[in-house]
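There are 2 protein chains.
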Amino acid sequence: MKLSGGVEWALHCCVVLSAATEPTPATKLAEFHDVSPSYLAKHLQSLSGAGLIHSTQGKSGGYLLTRPAAEITVLQIVEAIDGTTPAFRCTEVRQRGPLAAAPENCTVPCGIARVMADADRAWRESLNAVTVADLADDVNSTVGPTTLTRVDRWLRTGAP
Amino acid sequence: MKLSGGVEWALHCCVVLSAATEPTPATKLAEFHDVSPSYLAKHLQSLSGAGLIHSTQGKSGGYLLTRPAAEITVLQIVEAIDGTTPAFRCTEVRQRGPLAAAPENCTVPCGIARVMADADRAWRESLNAVTVADLADDVNSTVGPTTLTRVDRWLRTGAP
DNA sequence: GCTGACGTACTCGGATAACGTTTGTCCGAGTCCGATAGG
DNA sequence: CCTATCGGACTCGGACAAACGTTATCCGAGTACGTCAGC
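Quick look at the structure:
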């Protein structure tokens, strides 16, 4: 089981965008994180398609969060990049083979599918309990109180 | 994020093996579930390598659980097939780019990595709370009390 | 009748190809800012 | 001096290849059982 690598980039980008005071183009975000601009653009499009960020075109265009950072959860970002389909997909093995169960007896998921679905739910609930604002606060309290302010200044002026 | 399809087969096989009274060859398990024998064998090898099932060769050889079903958790099976590496892998983005953090300031994981690790832990704890014996009980209480007994009889004789 | 060795058939185990998904890249359509010319 | 128009450059968005991992398969090494010959 592997999560798409773009999830990490998207999360960092959202934290950065929560500190941005004006639209930030994808190239700036890519330069800031030192990653491939083309590939990052692809993931930002996914975030845009999910309605988490809003894009404006033109000379001073770029991306901006559509909601306050406290109203965007980590789960929403993960699902925007990685999709909402559960990791485990039941193929109804019990309905195959010589002792197959009849379809009319399979109105409820089998025990294995239920266990996996419960675990998936626990995973998603854990991610849904944290917002982008929480992540931003963590950065400020860990690295330094003025970190995100300096990030915003770098995005606007390029000064460290 | 997608889980290996072999996980489902491995779980079903372990439930069946918990009912088996004598070594069961891979071909029987494949026939019972109506899946590819060669590919199922590969996953059974993974389970064997993890020490969850024991293999005996020869004419009446096959696979058998190494422990009582109540001492084998779903998590152990999932990790045997899918590996123990977490779904999210932190690439230390914070140490890259123009405002990179110094490595000596990165003694603890960043907030994003912590959140993802917490979710992973919740997922694994949820899976670790269920044993193969629980799954077997569920089958007996859902389909019928004699289901696994009939499965064992089919494995030995071939009679439905 | 009992014991020992042998042959056979069946088992697992690892090494080997084909497919699909993810990753990575590129170019085109659309839009806003600034310069410029006219009133 | 103010305003309307035009040009240019920068932005996002979607369509197009390459690489990795998963899926699927095969054949070889090893072992326990059944048989058979000898005692």
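If you're matching them up, the sequences are chains A and B in order.
All letters in the first sequence, in the order written, are residues 10 to 169 by the working numbering.
All letters in the second sequence, in the order written, are residues 10 to 169 by the working numbering.
Where a beta carbon is used, it is the ideal one built from N, C-alpha and C, also for glycine.
Values in this document were obtained by computation on a predicted structure and should not be read as measured data.
- Counting only runs of 4+ residues, the alpha helix (DSSP H) found wholly inside the segment 109-152 of chain A occupies 120-137 and 141-151, in chain order.
- With fewer than 16 other Cβ atoms from the protein chains shown falling within 10 Å of its own Cβ, D43 of chain A counts as exposed.
- If you draw a straight line from the Cα of E31 of chain A to the Cα of A19 of chain B, it comes to about 52 Å.
- When C-beta distances to chain A are compared with 9 Å, the residues of the segment 17-32 of chain B below that value are E17, W18, L20, H21 and V24, in chain order.
- Counting only runs of at least 4 residues, the segment 18-89 of chain B fully encloses the following alpha helix (DSSP H) elements, listed from N- to C-terminal order: 35-42 and 46-58.
- Taking 8 Å as the CB threshold, D147 of chain A lines the interface with chain B.
- Within chain A, the residues whose beta carbon sits less than 7 Å from that of V83 of chain B are V124, listed in sequence order.
- Inclusion of A29 of chain A and D147 of chain A in the CB contact set at 8 Å is not warranted, their separation being larger than that value.
- Cβ-Cβ separation between F41 of chain A and P112 of chain B: approximately 18 Å, too far for a contact (criterion under 8 Å).
- Between the segment 44-51 of chain A and the segment 84-97 of chain A, the count of Cβ pairs shorter than 8 Å is below three; the stretches do not touch.
- The beta carbon of F97 of chain B sits closer than 6 Å to the beta carbons of M125 from its chain, once the five residues preceding and following it are set aside; these are given in chain order.
- Separation of the CB atoms of V152 of chain B and A110 of chain A is rounded to 6 Å, and the pair is thereby assigned contact status at 8 Å.
- Of the candidates A:G67, A:V24 and A:A138, A:V24 places its Cα closest to the Cα of A145 of chain A.
- Of all alpha-carbon atoms in B:L73, B:C22 and B:E80, the one lying nearest the alpha-carbon of V102 of chain A is that of B:C22.
- In summary, T100 of chain B is exposed, with fewer than 16 beta-carbon neighbours lying within 10 Å of its beta-carbon over all protein chains present.
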